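For reference, the structure discussed in these notes is given below.
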């Protein structure tokens, strides 16, 4: 993945970002509605603690260069292509999955959930899907009586929200739920230690994201298992089809999957039914004409043979239909498993980034990132630095995340015209326009050095800033 793309899809500031930029130079009203909906879905994801696929202030860049980002866009919209991307659908898919995860958190902990909140979300989404004000107003009128919408929401979502749908019984409480979460993660070789909180809203962002990773792995495992079961059913159906001698020598499993098979079976069944009708008509004619018993007996036997052949074709068609159904079910499960795998891989890739963001935020909050005296002379407060660092905004004429990527070799970095040696096991943050550097050790932050090394992400160093550029985040080699 290129630095540009990794930066775009790898970093998110957890602050509100103005979405005014995405409405510029837009003429088509439908495009305006789509972008408005995309912006609202984006804000909902951020406010609920999620991580949108890309920052909303890069919306225009993604629209103009979607061919560069198509693989990443297909993570949340599998139908996206270089000719067309439905961005509101993309963020809506991500929002619905995140809402599903949030409710799964509550149900799995044995906590009660407020249906009213989900009814509000249902109404809110319905409004965004209407293009004309008169329809929008009609939805507003339904808010006076939410009983109907509440029923609609339950009918739409009840299976998706229930843990049993994903192949496991509902947990009795936090302890059992945490055990299942760790089992899902361990199945995919994720063994990072963590501890869930009884109240999901009190969890730190990293723990919540790890729990979300487990949720996505659970979905992937369920569809993978369903695909295997359907494949077994498919093979069993084919064996039965062959064992009952309903296949011809030219029949193959591949042929049975082809559309021509349906046409052939339909024609054969119709022809057999026609022969039954003709044979029956002949029996009726001979009966009315008082034909000799020998002729009537021969006609009756032909009628019985025709009926038997027709029944055989009906049974064969039924078996083949079941065979095709098993194949379709298996194909559907396979496609969903592939989509779930893409999402799970994306979520997994975000784990170290979430950890890095938490680390940097903690460094600022705890004061381990110090402001040099020269910076203080410029009138820059720690809060201004933090705001600029997290948002990528300009502060006092300086643009953060604009420092070029630099290399540290043998614990040295050029600063103020000369080399400066970094103490062992110490990190340094360099921001464009600042003569100072802010440094701290992993131990001071309560982070294991091995874990800290993981946080020196290229996405943060070389292209992970909010504006697509980055300051330098470096570590000594010792």
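Residue numbers (the working numbering): 1050 to 1527.
Just so it is clear, CB atoms sit at the ideal spot from N, CA and C, and this is done for glycine as well.
As the structure is a computational prediction, the values presented were derived from the model and not from experiment.
How about residue i and residue j: do their beta carbons lie closer than 8 Å?
i, j, result
"residue 1234", "residue 1403", "no"
"residue 1272", "residue 1385", "yes"
"residue 1151", "residue 1097", "yes"
"residue 1147", "residue 1094", "yes"
"residue 1225", "residue 1245", "no"
"residue 1243", "residue 1153", "no"
"residue 1230", "residue 1278", "no"
"residue 1407", "residue 1238", "no"
Hey, residue i and residue j are a contact pair by Cβ (cut 8 Å); roughly how many whole angstroms apart?
i, j, result
"residue 1396", "residue 1262", "5 Å"
"residue 1332", "residue 1348", "5 Å"
"residue 1323", "residue 1352", "Between residue 1352 and residue 1323 the Cβ distance is about 13 Å, and since that is not below 8 Å, they are no contact."
Measure the C-alpha to C-alpha separation of residue i and residue j and round it to an integer number of angstroms.
i, j, result
"residue 1149", "residue 1114", "31 Å"
"residue 1449", "residue 1389", "Low confidence applies here, because residue 1449 scores a pLDDT of 31, under 50, leaving its location unreliable and the question unanswered by this model."
"residue 1135", "residue 1127", "11 Å"
"residue 1091", "residue 1108", "11 Å"
"residue 1340", "residue 1280", "56 Å"
"residue 1354", "residue 1336", "18 Å"
"residue 1383", "residue 1155", "29 Å"
"residue 1141", "residue 1101", "10 Å"
"residue 1118", "residue 1357", "60 Å"
"residue 1249", "residue 1223", "10 Å"
"residue 1083", "residue 1144", "15 Å"
"residue 1110", "residue 1394", "24 Å"
"residue 1327", "residue 1346", "15 Å"
"residue 992", "residue 1085", "Nothing about residue 992 can be read from this structure; the chain reaches only from 1050 to 1527."
"residue 1334", "residue 1313", "32 Å"
"residue 1270", "residue 1089", "31 Å"
"residue 1112", "residue 1315", "47 Å"
"residue 1081", "residue 1251", "37 Å"
"residue 1338", "residue 1350", "18 Å"
"residue 1232", "residue 1120", "30 Å"
"residue 1274", "residue 1236", "13 Å"
Can you list, in chain order, the residues of its chain whose CB lies under 7 Å from that of residue i, leaving out five sequence neighbours each side?
i, result
"residue 1138", "1126"
"residue 1087", "1136, 1137, 1140"
"residue 1276", "1379, 1382, 1383, 1386"
Under 8 Å, Cβ to Cβ, is there at least one residue of chain C near residue i?
i, result
"residue 1386", "The structure shown contains no chain C; it holds only a single protein chain."
Counting only the same chain and skipping the five closest in sequence on each side, list residues whose C-beta sits under 8 Å from that of residue i.
i, result
"residue 1258", "1100, 1396, 1399, 1400, 1403"
"residue 1221", "1159"
"residue 1343", "none"
Which residues in the same chain as residue i place their Cβ atom closer than 6 Å to its Cβ, once the five residues preceding and following it in sequence are excluded?
i, result
"residue 1359", "1321, 1322, 1325"
"residue 1240", "none"
"residue 1391", "1124"
"residue 1467", "Interpretation of residue 1467 is limited by its pLDDT of 41, a score under 50 that renders its predicted location unreliable; no figure is taken from the coordinates."
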